[in-house]
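S.K.: The structure under discussion is supplied below as structure tokens; questions concerning it will follow.
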Amino acid sequence: MSSVSSLLSRPSSWFRRSGRSAPSRWNTWDPPKAEVLGVARTLTSATRVADVMHLLRSEDGIEKYYTVNPGSAFADGLDSYLSGLGIHVLSWQEATRRSFDLAVSCSVHPTMRRLDAPLMVLPHGAGYNRLVTESTGDALAPAGLSRRELMWRGKVVPAAIGVSHQAQIDRLAEVCPEAAPYALTVGDWCFQRIIASMPHRDRYRQRLGAVDGRRLVVIHSTWSEHSLLGRHPELPLRLVTALPADEFAVAAVFHPNVWARHSPAGVLERLGAAMDAGLMIIPPQEGWRAAVVAGDWVVGDHGSTSFYSAAADRVTMLAATGLDELDPLSPAAAFGRGAPRLDPDGDVHAQLLDAARRHDPAALRTVVDGQLASVDTSGEVTRARMYEFLAGRGVRVPREAPRPVPVPAPEPVRRASVTAYDVTGAHDAWGTVEVQRRPLVAGHHTRALGFYAVTTEETHPHWPDAAEVLARTVTDAEVAALDWIADAALRHENLNVLVARLDETRCLVRLRGGRQLEARTERAWGARRPALDPVLLGSAVNLWLTDPERSKDLTDGLTLRTGQWSVQVAFTPPSASRT
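Per our numbering, the sequence shown runs over residues 8 to 586.
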């Protein structure tokens with residue numbers, strides 16, 4: 008961590024090591040009364056520590072520092088994360104040379120005994136569930152509650168052990184009874200912030216493309232060979248290509264250990280085909296909590312993010328249970344045994360719809376309540392315990408309870424828009440066209456379900472020649488729409504429909520045979536005018552053209568429907584002066 012600490016920690020640490028105090032006239036506020044150290048060991052624990060440290064208020068006279076406890080196999084990414092927070096970061100060597108009034112960590116390791124500070128440890132997920140023998144040396148104790156992690160030479164290392172539920176104290180009393188007196192139930196501050204973020208659901212959904220009738224499916228995968236990604240690496244691609252693109256948006260949340268172990272570039276490369284088909288990936292630092300709030304379905308595993316989603320009453324399905332690496336007595340194991348399953352090799356679209364029909368939030372309530380307790384007061388209880396360590400320095404607990412701030416809006420990693428679709432649908436006699444578009448991915452697509460609709464940006468060697476619909480999606484193009492459509496009609500004789508976007512709500516349409524129309528969306532009074540996707544429009548018009556039972560002319564208008572969302576589209580022929 009020297010690259011971070013050398014810059015960010017030098018001024019304050021230099022004065023303390025040299026034995027001199029900074030002149031008081033340099034201070035804008037009063038000098039601090041107490042100093043608290045946040046200790047990170049992995050990116051996962053770092054994000055949790057930063058979250059919990061916000062419960063300590065600088066205005067109460069608290070100076071906060073951070074350090075990294077070295078040695079984890081999942082430490083990659085910590086330097087850039089901590090340096091981006093704009094905080095005081097100390098090297099581990101410097102942190103162990105100084106004394107602090109409190110050290111807070113959301114992971115525990117025996118080497119933390121070297122800190123000259125009372126240590127408070129908290130979970131970095133939904134409780135303590137996973138069996139990690141490399142850390143615990145024990146096939147029975149869950150990580151975070153084992154004797155190897157909590158004790159050194161017969162003494163308990165932490166001065167306080169926060170748990171999310173009383174049942175975890177009972178479990179601690181079984182596997183490390185010496186540490187049980189130091190444990191207290193603090194609830195889950197992370198989940199309290201998730202609950203406080205619920206009023207922001209629409210804003211989060213907009214960021215994740217869950218608009219115009221789209222519902223959001225969030226894929227959650229923890230790390231290890233037992234995770235969703237470990238067991239079913241092709242599932243993200245299967246989901247995003249099997250679900251109609253105008254009815255579903257799909258985002259993915261991967262445990263920070265996946266990113267640390269395989270590198271950000273490696274993760275994005277492995278998921279490249281799914282991203283080409285529209286998959287959005289949530290960065291490991293932040294955004295997963297907003298995805299929990301925004302989601303409609305969760306396809307996950309035994310990771311904490313899947314558990315939090317079930318606790319938030321989302322439709323939850325597990326593609327992997329992780330029972331091979333969980334404490335069988337943990338709520339996470341009960342969750343893995345009791346949550347509905349998704350068969351990755353089956354019809355995932357039908358399974359999602361069936362799960363939504365059967366969804367009963369009460370079904371997993373007992374399991375959730377066995378992991379998360381006193382959520383509404385978690386911040387207050389956690390802060391009160393931390394401030395107890397600072398009382399001797401004259402730091403008083405604030406009178407008002409901490410107000411959980413809504414989590415930031417997600418900033419997903421996404422690629423350019425999809426450029427090729429396999430389209431199916433139907434048209435009725437009253438002018439309603441139902442369209443389902445599924446993204447095409449080279450190397451994954453085996454047979455056509457309907458016809459192909461592509462944009463001018465599609466580069467596949469065969470799909471444009473096989474397509475029945477071609478659309479230009481840019482508006483500020485070099486060649487005018489009328490000229491482009493005329494030229495494209497000569498170059499692509501296989502096409503039934505050509506579409507050129509004019510603006511967000513209007514398109515120019517050319518039918519086989521040469522007829523041209525201008526299409527625009529209609530709006531109801533008091534509502535915004537919907538956008539008009541040129542590929543979707545071309546697909547609907549092609550379905551209308553190929554339906555032998557149609558009884559309406561296009562100039563009468565169409566109702567374009569995708570799932571539960573619909574839009575009225577009006578068509579205008581060229582003016583008399585143009586004909």
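Where a beta carbon is used, it is the ideal one built from N, C-alpha and C, also for glycine.
Answer yes or no: do L223 and G169 have a C-beta to C-beta separation smaller than 8 Å?
M.R.: no
S.K.: Ignoring anything shorter than 4 residues, give me the alpha helix (DSSP H) runs that lie fully in the region 463-497, in order along the chain.
M.R.: Secondary structure within the region 463-497: the alpha helix (DSSP H) runs of 4 or more consecutive residues, fully enclosed, are 470-473 (chain order).
S.K.: Use the C-beta contact count for E387: other C-beta atoms within 10 angstroms, 16 or more gives buried, fewer gives exposed.
M.R.: Answer is buried; the Cβ neighbour count reaches 16.
S.K.: Can you tell me whether P184 is buried or exposed? The criterion is at least 16 other CB atoms within 10 Å of its CB, across all chains shown.
M.R.: exposed
S.K.: Between which two residues does the beta strand (DSSP E) holding P188 run?
M.R.: P188: not part of any beta strand (DSSP E); DSSP gives it neither H nor E.
S.K.: Ignoring anything shorter than 4 residues, give me the alpha helix (DSSP H) runs that lie fully in the region 237-275, in order along the chain.
M.R.: 242-249, 263-269
S.K.: So what does S112 bridge to, in DSSP terms?
M.R.: V46, V128
S.K.: Which whole-angstrom value is the C-beta distance of V75 and A57, which I expect to be below 8 Å?
M.R.: Actually they are not in contact, since the Cβ atoms of V75 and A57 sit about 13 Å apart, beyond 8 Å.
S.K.: Comparing alpha-carbon positions, which option in T426, D510, F198, A473 lies nearest D483?
M.R.: D510
S.K.: Once the 5 residues before and after V300 are set aside, which same chain residues still bring their CB inside 8 Å of it?
M.R.: I201, S204, M205, H207, R208, Y211, A319, V414
S.K.: Can you check DSSP and say which residues form a bridge with P446?
M.R.: Y428
S.K.: Fully enclosed by the region 308-363, which alpha helix (DSSP H) runs are 4 residues long or longer?
M.R.: As far as the region 308-363 is concerned, its whole alpha helix (DSSP H) runs of at least 4 residues are 311-318, 338-345.
S.K.: From the DSSP output, in three-state form, read off T528 for me.
M.R.: strand
S.K.: Tell me the rounded alpha-carbon separation between V481 and D490.
M.R.: 14 Å
S.K.: Tell me whether the beta-carbon of V1 lies closer than 8 Å to the beta-carbon of S546.
M.R.: A query on residue 1 cannot be resolved here, the shown segment of the chain reaching from 8 to 586 and no further.
S.K.: Between the Cα of R406 and those of R517, A391, A436, spot the shortest distance and give me the residue it belongs to.
M.R.: In this structure, A391 is the residue among R517, A391, A436 with its C-alpha nearest to the C-alpha of R406.
S.K.: Counting pairs of Cβ atoms below 8 Å between the region 325-333 and the region 362-376, do you hit three or more?
M.R.: Contact between the region 325-333 and the region 362-376 is absent, because fewer than three Cβ pairs lie under 8 Å.
S.K.: Using the three-state DSSP reduction, which class does R137 fall into: helix, strand or coil?
M.R.: R137: strand per DSSP, three-state reduction.
S.K.: Please report how far the alpha carbon of D367 lies from the alpha carbon of D303, in whole angstroms.
M.R.: 13 Å
S.K.: Mind checking which residues open and close the beta strand (DSSP E) that includes C514?
M.R.: 513-518
S.K.: Taking Cβ to Cβ, would you say L333 is nearer than 8 Å to G345?
M.R.: no
S.K.: Counting only the same chain and skipping the five closest in sequence on each side, list residues whose C-beta sits under 6 Å from that of T463.
M.R.: R479
S.K.: When DSSP builds the beta bridges, which residues end up paired with A167?
M.R.: M127
S.K.: For H116, does the count of other Cβ atoms within 10 angstroms reach 16, so buried, or fall short, so exposed?
M.R.: buried
S.K.: With a 10 Å radius around its C-beta and 16 neighbouring C-beta atoms as the bar for buried, classify L456 as buried or exposed.
M.R.: exposed
S.K.: For the putative contact between A186 and V163, defined by C-beta atoms under 8 Å, what is the C-beta separation to the nearest angstrom?
M.R.: 5 Å
S.K.: Go ahead and label A605 buried or exposed: buried means 16 or more other beta carbons lie within 10 angstroms of its beta carbon, across all protein chains shown.
M.R.: As displayed, the chain neither begins before 8 nor continues past 586, which places residue 605 out of reach and without an answer.
S.K.: Have a look at F314, V274, A150, D361 and flag the residue whose alpha-carbon is nearest the alpha-carbon of C197.
M.R.: F314
S.K.: Looking at the strands, I want to know which residues DSSP matches up with I289.
M.R.: Bridge partners of I289: V260.
S.K.: According to DSSP, what are the bridge partners of R120?
M.R.: Partner(s): none; R120 has no beta bridge.
S.K.: Can you tell me whether DSSP reads V224 as helix, strand or coil?
M.R.: strand
S.K.: Closest to V218 by CA distance: which of L543, P537, S316 is it?
M.R.: P537
S.K.: Quick check on V504: does DSSP put it in helix, strand or coil?
M.R.: strand
S.K.: When you compare the region 61-68 with the region 243-258, are there three or more beta-carbon pairs, one atom per stretch, that lie closer than 8 Å?
M.R.: no
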